[in-house]
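Report on the structure given below.
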Amino acid sequence: QVQLVESGGGLVQAGGSLRLSCAASGGNFRTNTGGWYRQIPGKQRELVAAITRGGITTYADSVKGRFTISRDDAKNTVYLQMNSLEAEDTAVYYCYNRSPLGFDYWGQGTQVTVSS
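Counting the sequence shown from 1 gives a position; our numbering is that position plus 1023.
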């Protein structure tokens, strides 16, 4: 059983930066893919970025060149560095962790608000 705790959300002006952290406990973090989804009220949750245990990364087209996902296996933590934030990035961001068998664990979500 993997438990995830997110931090780093908040209010920032357009053009600013935030770094989200997702700390995992339990389970076998090093074997899992980690990543972030986001959700705007009334819309489907969308994948923002993911990173495999081998360090292969995937990004949504809307965040390429602005967001960077990374992981520190020694700290059981996945990070999302968000630069050049736009009002359209406003959402609740959810950390997830996927086991090799495809089971997903989720964090509680953290609000990111970008003022224009």
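All C-beta atoms in this analysis are idealised placements derived from N, C-alpha and C, irrespective of residue type, glycine included. Just so we're clear, the structure is a prediction, and the values are computed from it rather than from any experiment.
- Put simply, the backbone Cα of THR1133 is about 11 Å away from that of TRP1059.
- Distance from VAL1115 to GLN1062 at the Cβ level is roughly 5 Å; contact confirmed, criterion being Cβ atoms closer than 8 Å.
- Within the DSSP bridge table, the entry for GLU1111 names no partner.
- Take ARG1053, set aside five residues on each side of it, and the residues of its chain with a beta-carbon closer than 7 Å to its own are ARG1076, ASP1096, in chain order.
- In this chain, the beta strand (DSSP E) harbouring SER1093 covers 1090-1095.
- In terms of Cα proximity to ALA1046, the closest of PRO1064, TYR1102, VAL1137, ASP1112 is TYR1102.
- If you look at ILE1074, you'll find it in the beta strand (DSSP E) that goes 1069-1074.
- Residues ALA1073, ILE1074, THR1075, ARG1076, ASN1120, ARG1121 of the same chain have their beta carbon placed closer than 8 Å to that of THR1056, with the five preceding and five following residues left out of the count.
- In terms of Cβ geometry, GLY1039 and LEU1108 form a close pair [threshold 8 Å].
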